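Enquirer:
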Amino acid sequence: CAAILVEHGLGVYLSSAFYMDNCVVISRTHVMYALASELRVGGGSVFSIQNSSWIAPSIEYDEGACVFKDVAVDGGSVLQIVSSTFRLGFAMLTADTLAVTGGSWVVHRNNEFRTAYVVYVAAYYGIAFRDQSVWSILDNKLTYGSFSSFTYMTSNWSPPSDTHPIIYGVCNEARGSPVTNYQEELNIGAPVTLLDCGACTLDAVCFAARTSSIS
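Written as structure tokens, this is what we have:
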């Protein structure tokens, strides 16, 4: 059961944009399902889920609300999850790999996640940030969902030896307490630059990806 079924891959290219804005989705298991296909955002494009509410309380292992075989963000593009509420089971996003390259940006900002994992990547070395790409984790609240009594930002992973992830953590909460150690509390497999709540930092909040406009 899925609200959006992707059969042959979902691509956003050449300064294009895919916005899921102000959507309420209630599904038994999946919201977006593409098990044998990839999500690719490239060429200065934007893939954005914002101002939305997803309810998909599956209690099955490895059943994410958003499922792709592989996810790739490249060419100065942006993958952002913003100002949304997710009441889920196992994970918000599941994939075999997540590759962010070419000075691109992944953003999780001002969300409420009720789930075991926000991002579940099956491969242990499957999360890779290259070429000064950035992951910003800002003002999120995490707690457990219908699958288990724990909540993490990611599954267990370690960055490949040829990568140097740039990750910022600002004013996040896990199970009602401020996050101070992202590796232990949220399972982030690489060092995180921890900034105080309210800190105004261009690098973390306004990363200069090569997109024409970011909502």
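Going letter by letter, the sequence shown gives residues 546 to 760 in this note's numbering.
Glycine residues also receive a C-beta, built at the ideal position from the N, C-alpha and C atoms.
For clarity, every value in this text was computed on a predicted model and none was experimentally measured.
Among Q595, G620, S603, V570, whose alpha-carbon lies nearest the alpha-carbon of F563?
Expert: Looking at the Cα atoms, Q595 is the closest of the given residues.
Enquirer: What span of residues does the beta strand (DSSP E) with E489 cover, start to end?
Expert: The structure shown does not extend to residue 489, since the chain is modelled only from 546 to 760, so the question has no answer here.
Enquirer: Do the region 661-668 and the region 576-589 meet, that is, are 3 or more Cβ pairs less than 8 Å apart?
Expert: With a cut-off of 8 Å, the region 576-589 and the region 661-668 do not count as touching, because too few Cβ pairs lie within range.
Enquirer: Look at V652 and S681 and say whether their C-beta atoms are less than 9 Å apart.
Expert: Contact flag set, yes.
Enquirer: Using a threshold of 9 Å, state whether the C-beta atoms of A640 and G671 are closer than that.
Expert: Yes, the pair counts as a contact, with Cβ atoms nearer than the cut-off.
Enquirer: Would V616 and S649 qualify as a contact pair, given that the criterion is a beta-carbon distance under 9 Å?
Expert: No; because the gap between Cβ atoms is not below 9 Å, this pair is not in contact.
Enquirer: Specify the secondary structure class of S603 as computed by DSSP and reduced to three states.
Expert: Note: S603 maps to coil in three-state DSSP.
Enquirer: Could you pull the DSSP bridge partners for D707 from this structure?
Expert: Its beta-bridge partners do not exist; DSSP assigns none.
Enquirer: When burial is assigned at 16 or more other CB atoms within 10 Å of the CB, is A673 buried or exposed?
Expert: It counts as buried.
Enquirer: Label D619 either buried or exposed according to how many other C-beta atoms from any shown protein chain fall within 10 Å of its C-beta, with 16 as the threshold for buried.
Expert: So D619 counts as buried.
Enquirer: I believe F631 touches E657 by the beta-carbon criterion, under 8 Å. Please report the beta-carbon distance rounded to the nearest angstrom.
Expert: About 7 Å; that satisfies the 8 Å criterion.
Enquirer: For my contact list, I600 and I571 are in at a C-beta cut-off of 8 Å; report their separation, rounded to the angstrom.
Expert: Contact holds; Cβ gap of about 5 Å.
Enquirer: State the beta-bridge partners of I682 as determined by DSSP.
Expert: DSSP lists H653, G714 as partners of I682.
Enquirer: Can you check DSSP and say which residues form a bridge with Y665?
Expert: Answer is T639, bridged to Y665.
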